[in-house]
Every structure is written in C-alpha cells, then in structure tokens.
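Residue numbers (our numbering), protein chains in the order written: chain W, 201 to 526; chain C, 561 to 871.
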C-alpha cells in the first residue's frame with residue numbers, strides 16, 4: 201500500500217509505527233507531546249499513546265540525551281528529538297563521548313539502541329544557529345549511524361530502520377523538504393540499515409548527494425539532459441554505514457564524479473567521498489572529483505545573503521559541466 | 561550488617577586501591593588512576609540500601625562502587641592492567657569501567673556526565689514498573705557541571721527514582737570546593753529543584769546507609785529524586801601522579817585519624833581488634849590472589865580492535 205504523504209507526515213507516520221509496534225519505544229524532547237512538535241512531526245501522538253510513551257522535557261539537551269542513553273542501556277528504546285540540529289552541539293558530550301562509545305568501551309556488554317531525531321539545513325531568515333548541516337560531525341564519530349532521508353518514503357523507511365537498529369542512530373531530516381509530497385510505502389517491511397540508491401541513470405557523470413541536495417541534483421540532471429549530458433544521481437542516504445560500492449560502480453560507468461552537500465566545504469563529508477574516490481576509483485576517473493558545497497562562512501540570515509551561500513541545482517549543473525568538459 | 565562486615569567491605573576497597581597504586585608504581589598499570597582512599601564508607605553504606613536490579617553509576621573515582629556492588633576483583637585488576645578482562649576487555653581501564661551483570665552502569669571520564677545517564681536508568685525503572693532505583697555518585701566538583709543541573713531537574717519534574725550521592729571530599733580535582741561555590745553545603749541546592757537534600761557523615765557507613773535508604777524508599781514509592789551529600793576526605797591525590805602541593809600541611813595526617821577504617825579501629829576493644837586483624841589478613845590474601853589471577857589474563861588481541869563498535 202502506498203500513500204501520498206508530505207515528508208513531515210511520513211515522519212509522523214514512522215513515529216506512530218514505532219510507538220505502535222514496539223512497546224519498548226518512548227519518545228521525548230522539547231515541545232513534542234502536548235504541542236505536537238514545532239513542525240507537527242508528533243502531531244496527535246500524545247493523544248494516541250499518552251504521557252508514558254511520549255512526553256515533553258525541559259530545555260536540556262544534554263540532560264535528556266543522557267537520559268536516552270541510560271534508558272537504552274537498561275531496556276527501553278528511546279527516540280530523543282533535538283528540535284534544531286544546531287542544538288545537538290549543546291549535547292555533544294552525551295552524543296560523542298557517551299552514546300557513541302559505551303558499546304565499544306564495555307566490550308559489547310552494554311549497547312545503546314536509541315535514535316536522535318533532528319532536522320537541519322537552512323531556511324529563509326534562519327540564522328547561523330538554526331541552519332547548520334551537522335552530518336559530518338556525527339559521521340566522523342565511530343559508534344554512531346547517520347541517516348539523511350531525502351524523500352517522504354525514505355523519511356518513513358529510514359526512521360523505522362533507525363528505531364529497529366541496535367546501534368545509536370542520528371537521523372537528520374531536511375527542514376526545507378518537509379512540505380514535499382510523495383508516495384510512501386506504509387506497509388513495506390522494515391529495511392536493513394544502510395544502502396545508497398541510484399535515483400537517476402546516466403552515462404556521462406555521477407553526482408553523489410544527500411538530503412536536500414538530492415532533489416537539487418535531480419533538477420540539475422534535467423537541465424543537463426537538455427544539453428545532452430546524461431547525469432547519474434546517487435542518493436547516499438546513509439553516511440554510516442557508508443555504501444561506497446554503489447558510488448564506485450557508478451564512477452566505473454561514468455568516469456566523472458561530483459559530490460554535492462549543503463554543509464560548508466572544508467572537512468565536509470564530500471571530502472570523504474572525494475578521498476575514497478581518489479584511492480579506490482583512480483583508474484576510472486577521467487576528471488578530478490568536484491565538490492559542490494556552501495562556502496566556509498557561517499549562515500547569514502538575510503535571504504539575499506543566503507542565496508550566495510546555499511548550493512542549488514545550478515551549482516551542481518555547473519560542476520557537472522566542468523567535469524565533463526575536462 | 562555487623563561492624564566486621566562493613567569493615568571487610570571497606571578494607572577490600574582500601575587494600576585494592578593501595579595494591580593498585582603499587583602496581584602503578586611498578587609499571588603494571590598504564591595510564592592515570594583515581595583512587596578513593598578515605599571515601600570507602602560511602603559506596604559500602606550505600607550498597608547496603610540497594611538490592612539486585614538497582615543500577616549504580618559512578619565517577620572515574622569509582623573503583624569502590626564497583627567493588628561494593630560486587631564486580632569481580634580479578635576482573636577489575638585485569639581491566640586496569642590493560643588485559644582482556646571479562647569486565648570490559650581492556651577497552652575501559654580504570655576511568656570508564658562498567659559491569660551490566662552487577663548493574664554497574666559504569667564510571668565516567670567526563671565530570672558529571674553519569675548523572676543524565678543514571679536518570680535514564682531511572683526512567684526505565686519508572687516506565688517498566690520494575691521498582692528499581694538508580695543511584696549515581698558524583699564528586700563535589702561535578703555539582704558545578706551543567707549536565708548535572710539538567711539531569712536533576714529532569715529527574716525532579718518526571719518524579720524519577722534517582723538518588724544522587726555527592727561525595728564531598730573537599731577538593732574538586734585540585735581546587736578546594738569552598739572556592740568554587742558560594743554555599744556552605746552542596747545539598748542546599750536540592751531546594752532549588754524542589755527535592756530533598758541531606759548532609760551526612762560520609763565516613764560512617766551506618767549514616768550513609770540510613771540516608772541512602774531513606775532516599776531509596778522515597779524513590780521506590782514514586783516520590784522522585786533526592787540528594788545525599790556525604791562529607792568525607794581524600795587521603796590521596798586527585799590522580800595517581802598528584803603530589804598534592806596544594807593541600808595544607810597536616811591536613812592529610814588529620815584526615816587519617818577521621819577516615820572510616822581508622823575510626824572503627826580506634827573504637828575497638830581487644831577482642832574486636834583481633835577480629836579486624838583477621839579480616840585484614842583475609843582481605844590481603846584475597847587481593848593478592850586477585851592480582852596473581854589477573855596477571856594470568858592475556859592481553860587483548862589487536863586483531864579484535866574493530867569489534868564492538870557496531871552491533
């Protein structure tokens with residue numbers, strides 16, 4: 201069965217599925233219960249599942265992420281919501297030092313089956329503290345799984361996968377994609393963790409993207425097709441576990457690689473993809489790997505300035521043209 | 561629980577720590593260790609108020625809590641020797657060890673970070689109706705960490721079965737706590753969270769047991785968290801290499817007269833002294849046997865380095 205849902209509705213449906221199908225699931229964060237979440241992600245869930253299963257916390261990210269860890273270690277399966285991904289930095293100790301390390305440091309005697317759900321990226325007028333793209337910080341941390349769904353269906357499927365996983369998973373949604381609508385397979389079996397997806401076939405160049413840059417890459421591919429350039433687009437979906445095989449196989453077909461993300465350039469996860477391509481796909485590459493990213497500046501708030509920072513479809517198209525011309 | 565039993569439990573911790581310091585000096589223990597000499601009455605007293613299933617979370621000065629909760633002594637020595645111990649396989653060593661089999665959620669190398677985690681164990685107990693409590697021990701310095709404040713408030717508003725034991729040993733790492741706060745007793749902060757706070761003699765296991773039992777009872781009844789501030793003194797440095805030049809002359813010598821084992825000895829008659837001597841001999845034998853057994857544990861295989869990162 202497939203339903204047409206907006207991205208944010210798919211998130212809501214995945215959370216309802218989690219609370220419905222797993223009695224060990226609890227959901228908490230700021231304004232998630234009675235208010236239903238600032239974007240409506242948890243709308244109706246408190247009424248349906250009650251305060252034992254979904255409840256509001258004080259504005260204390262470190263406190264409630266640590267609580268998520270302790271609850272996960274002792275038998276619950278918590279989903280903790282960080283309202284804006286930027287606020288996860290307030291709780292970096294619990295995420296990086298505690299949640300990510302406990303399984304390893306206990307030689308597997310404890311585990312931390314929990315989900316940290318957040319939304320990220322720019323939106324018009326949002327300031328530098330409400331616009332970060334945080335994926336590279338968490339993908340850099342051994343012990344964390346990192347998911348970035350780009351479609352309503354993936355918002356549903358990947359969140360469910362995250363909840364079922366026995367590893368701690370950071371799910372970073374794209375706020376700007378919340379209104380997008382698409383088919384959601386609400387009766388699909390829960391997918392295994394990981395797996396990139398070729399979302400458009402092409403022979404001339406490969407674009408690897410995730411989150412909001414996937415629709416941007418697809419729009420770029422449409423423009424390029426009109427110019428006779430056939431672009432293969434890969435939605436990386438999970439940065440951890442990283443499915444580089446799908447990337448490598450595509451580069452073997454196309455010989456050219458562009459990596460596109462909304463986060464700024466330096467130390468971004470695009471650098472990891474470029475490095476892996478350089479070491480594993482060197483013989484297949486017919487042009488240097490190109491990266492599309494935000495410049496290394498904090499996000500400005502004014503839309504006129506944001507426009508100069510945020511990568512869009514035309515930047516991807518220009519990067520592809522650049523690699524194809526070489 | 562009679563006097564010799566408490567004495568034995570405290571002597572095991574004391575002798576364990578002394579032996580550990582000697583092993584450190586001999587080069588058998590890599591890295592830094594943080595000993596709890598002088599503070600033994602707190603974990604021993606608290607453990608009397610707990611039952612199986614009650615989780616304990618501690619600081620990096622938590623060997624005493626691990627032993628008081630029944631974690632295997634040989635495993636602890638082996639873990640700290642960097643061997644493939646049954647405790648944490650050489651991944652944790654002294655400052656981050658844990659044992660789910662004994663409901664010991666672990667030490668923590670980040671000051672105060674165990675309090676939010678302990679709050680999570682309390683959440684599980686509450687949501688599953690297990691009747692368990694979650695006890696977390698921190699030092700006096702941790703009371704100034706934001707994560708501690710967040711977690712206590714969180715536990716308070718959710719009425720979670722959490723007991724916070726503050727081991728006030730006068731020093732937060734190498735600075736006097738009186739220079740770090742404007743209140744006389746840290747337990748005064750409980751009022752700010754709307755929960756009970758008590759100050760007890762942390763060198764008296766009976767006083768600690770009574771105060772923790774009261775807090776545990778309250779927690780099990782669903783009435784929420786409490787703070788117990790146990791006053792004690794550190795007989796050793798903050799860490800293994802700390803020469804303690806910052807401590808006034810005579811302070812440690814005076815503390816040695818107030819520490820829990822010396823206190824029991826000072827009040828003992830000849831018959832009890834003889835029994836305590838016997839306990840000391842048994843503890844000495846136990847500790848030495850554990851060291852010998854720990855030395856038999858192999859070092860971890862580097863080929864296993866990537867195990868346990870992901871499920």
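All C-beta atoms, glycine included, are put in the ideal place defined by N, C-alpha and C.
So what's residue i in DSSP terms, helix, strand or just coil?
| i | result |
| --- | --- |
| residue 491 of chain W | strand |
| residue 334 of chain W | coil |
| residue 625 of chain C | helix |
| residue 639 of chain C | helix |
| residue 915 of chain C | Nothing can be reported for residue 915 of chain C, as the shown portion of chain C is limited to 561 through 871. |
| residue 677 of chain C | helix |
| residue 184 of chain W | With chain W represented from 201 up to 526, any question about residue 184 of chain W goes unanswered, as that position is not in the structure. |
| residue 660 of chain C | helix |
| residue 601 of chain C | helix |
| residue 399 of chain W | strand |
| residue 820 of chain C | helix |
| residue 345 of chain W | strand |
| residue 700 of chain C | coil |
| residue 688 of chain C | helix |
| residue 577 of chain C | helix |
| residue 256 of chain W | strand |
| residue 244 of chain W | coil |
| residue 617 of chain C | strand |
Measuring only between beta-carbons, confirm whether residue i sits less than 8 Å from chain W.
| i | result |
| --- | --- |
| residue 869 of chain C | yes |
| residue 634 of chain C | no |
| residue 652 of chain C | yes |
| residue 594 of chain C | no |
| residue 714 of chain C | yes |
| residue 733 of chain C | no |
| residue 658 of chain C | yes |
| residue 724 of chain C | no |
| residue 655 of chain C | no |
| residue 678 of chain C | yes |
| residue 779 of chain C | no |
| residue 710 of chain C | yes |
Hey, residue i and residue j are a contact pair by Cβ (cut 8 Å); roughly how many whole angstroms apart?
| i | j | result |
| --- | --- | --- |
| residue 740 of chain C | residue 704 of chain C | 6 Å |
| residue 443 of chain W | residue 464 of chain W | About 24 Å; that fails the 8 Å criterion. |
| residue 713 of chain C | residue 258 of chain W | 6 Å |
| residue 523 of chain W | residue 458 of chain W | 6 Å |
| residue 355 of chain W | residue 210 of chain W | 4 Å |
| residue 317 of chain W | residue 353 of chain W | The pair is not a contact, with the Cβ atoms about 17 Å apart (cut-off 8 Å). |
| residue 568 of chain C | residue 597 of chain C | Rounded, the Cβ-Cβ distance is 16 Å, inconsistent with contact. |
| residue 202 of chain W | residue 383 of chain W | 4 Å |
Can you tell me where the alpha helix (DSSP H) with residue i in it begins and where it stops?
| i | result |
| --- | --- |
| residue 451 of chain W | 444-454 |
| residue 725 of chain C | Residue 725 of chain C -> not in any alpha helix (DSSP H); beta strand (DSSP E) instead, spanning 722-728. |
| residue 415 of chain W | 413-426 |
| residue 850 of chain C | 830-855 |
| residue 380 of chain W | Looking at the DSSP string, residue 380 of chain W is not in any alpha helix (DSSP H), and its letter there is neither H nor E. |
| residue 217 of chain W | 207-221 |
Tell me which residue opens and which closes the beta strand (DSSP E) that residue i is part of.
| i | result |
| --- | --- |
| residue 664 of chain C | 664-666 |
| residue 544 of chain W | Here chain W covers residues 201 to 526 and nothing more, so residue 544 of chain W does not appear. |
| residue 281 of chain W | 277-282 |
| residue 791 of chain C | 786-791 |
| residue 432 of chain W | 431-435 |
| residue 508 of chain W | Run containing residue 508 of chain W: none in the beta strand (DSSP E); it sits in the alpha helix (DSSP H), 503-509. |
| residue 462 of chain W | 457-464 |
| residue 262 of chain W | Note, residue 262 of chain W: premise wrong, no beta strand (DSSP E); alpha helix (DSSP H) at 261-273. |
| residue 373 of chain W | 369-374 |
| residue 758 of chain C | 757-761 |
| residue 469 of chain W | No beta strand (DSSP E) holds residue 469 of chain W; the alpha helix (DSSP H) holding it covers 469-480. |
Within 8 Å (strictly less), CB to CB, does residue i reach chain C?
| i | result |
| --- | --- |
| residue 249 of chain W | no |
| residue 264 of chain W | yes |
| residue 268 of chain W | yes |
| residue 484 of chain W | no |
| residue 361 of chain W | no |
| residue 288 of chain W | no |
| residue 505 of chain W | no |
| residue 245 of chain W | no |
Step through the CB atoms of chain D and report whether any lies within less than 8 Å of the CB of residue i.
| i | result |
| --- | --- |
| residue 273 of chain W | Absence of chain D from the displayed structure is noted, the protein chains being W and C. |
Task: Where the stretch 293-325 of chain W meets chain C: residues whose CB sits under 7 Å from a CB there - done: Listed by position along the chain: 293, 294, 297, 298, 303, 304, 305, 306, 307, 308, 309, 310 and 311.
Task: Interface residues of the stretch 209-242 of chain W facing chain C [CB-CB below 8 Å] - done: 226
Task: Contact residues within the stretch 437-450 of chain W, judged by C-beta distance below 7 Å to chain C - done: So nothing in the stretch comes that close.
Open item on the list: Which residues of the stretch 376-401 of chain W have a Cβ closer than 7 Å to any Cβ of chain C? Give them in chain order.
Closed with: none
Task: Proximal residues, the stretch 331-343 of chain W versus chain C, C-beta separation under 9 Å - done: 342 and 343
- [ ] Could you run through the stretch 796-829 of chain C and flag, in chain order, every residue whose CB is less than 7 Å away from some CB of chain W?
- [x] none
Open item on the list: Please identify, using Cβ separations under 7 Å, the residues of the stretch 686-697 of chain C that lie next to chain W, in order along the chain.
Closed with: 687 and 688
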